[in-house]
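So for the sequence shown, the numbering used here puts the first residue at 100; every next one is plus one.
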Amino acid sequence: MAFALTEPDAGSDPASMTTTFEEKDSQCILNGKKHGIGNGTFADVMTTYARDRQTGKISAFIVEKDSPGLRTQEMKNKIGLLTVKNAEIEFQDCRIAKKNMLGLKGQGLSVAYSALIDGRLSVAAGAVGVMEDCLAESIQYSKSRLQHGSVLARKQLIQQHIAFIATCIESSRWLVYRAAIARQRLFDYVESQKQQDGWLAKLD
Ligand SMILES: Cc1cc2nc3c(=O)[nH]c(=O)nc-3n(C[C@H](O)[C@H](O)[C@H](O)COP(=O)(O)OP(=O)(O)OC[C@H]3O[C@@H](n4cnc5c(N)ncnc54)[C@H](O)[C@@H]3O)c2cc1C
């Protein structure tokens, strides 16, 4: 699967997206470009987001791989995160069934943000994991490399660098925990509101 929100000129600020949709009979017709989309070239299904040509409000959609008017291209020459293949995606009068609208019409950004909350947390947790590996490598190397009669780990400046990395990891880890607790509180609150208002029943 893929999650196609970002555009060439709408990254941190997805509310400024320019991809549009219009409804025609039982279909929605999408036009626009998405950028940097993980798994975009091989996903069977992607979620995407577009602005209603009439109302300007953003809705979410499920787009299948073989939809007419959908074009994907792998972005080459990335400088990092090489295990993720990112894609440019183009919708050129891309036709999808109206029933593929995800969630309520005009509520697309809420759908996107609900996915981003967990996505950002997992990226942050992953970054802590990468730092832990870097620290382990640094310690191992500094204990094995001999210079001026002793291993690097015996030099005070190297010890200071390693202590600094360890401190950064510890503070990052607690920021991730803090964000996870905030996420849990938000989800508990939303659940309690749903039960109070019979929100789900209304949606059905
Ligand atoms: C490996 C990778 C995988 C990705 N996968 C996906 C994916 O699957 N689906 C998807 O939709 N997108 C994906 N993206 C895109 C990602 O969501 C965007 O890169 C991100 O939203 C930032 O947008 P941008 O790159 O356009 O940067 P910009 O929005 O142009 O930001 C550039 C810099 O300016 C800073 N900045 C921006 N606005 C402000 C502000 N108001 N105040 C202060 N500083 C600001 C930012 O922090 C950043 O440092 C991926 C990106 C990468 C690198």
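Even for Gly, the Cβ is constructed at its ideal location relative to N, Cα and C.
- Judged by DSSP in its simplified three-state form, Gln-172 adopts strand.
- In terms of CA proximity to Asn-185, Asn-176 leads the group Ile-280, Asn-176, Lys-164, Leu-274.
- With a threshold of 16 other beta carbon atoms within 10 Å, Thr-182 falls short and is exposed.
- Lys-123 counts as exposed, since fewer than 16 other beta carbons sit within 10 angstroms of its beta carbon.
- With a cutoff of 8 Å on beta-carbon distance, Leu-129 and Ile-195 are scored as near each other.
- Within the region 144–202, the complete beta strand (DSSP E) segments at least 3 residues long are 144–151, 157–163, 169–173, 185–196, listed from N- to C-terminus.
- A direct Cα-to-Cα measurement between Gln-283 and Ala-223 gives close to 16 Å.
- Measuring C-alpha to C-alpha distances from Ile-157 to each of Lys-204, Ala-101, Lys-198 identifies Lys-204 as the nearest.
- Taken through DSSP and simplified to helix, strand or coil, Gly-131 comes out as strand.
- Using a 10 angstroms sphere on the CB of Leu-251, the tally of other CB atoms reaches 16 or more, which defines it as buried.
- Spatial neighbours of Asn-199 in its own chain (CB-CB distance under 6 Å, excluding positions within 5 residues in sequence) are listed in chain order as Phe-160, Ile-161.
- Judged by DSSP in its simplified three-state form, Gly-218 adopts helix.
- Bounds of the alpha helix (DSSP H) holding Phe-263 are 255–296.
- Straight through space, the alpha carbons of Glu-163 and Cys-127 are spaced by roughly 13 Å.
- The Cβ atoms of Tyr-288 and Gly-207 lie no closer than 8 Å to each other.
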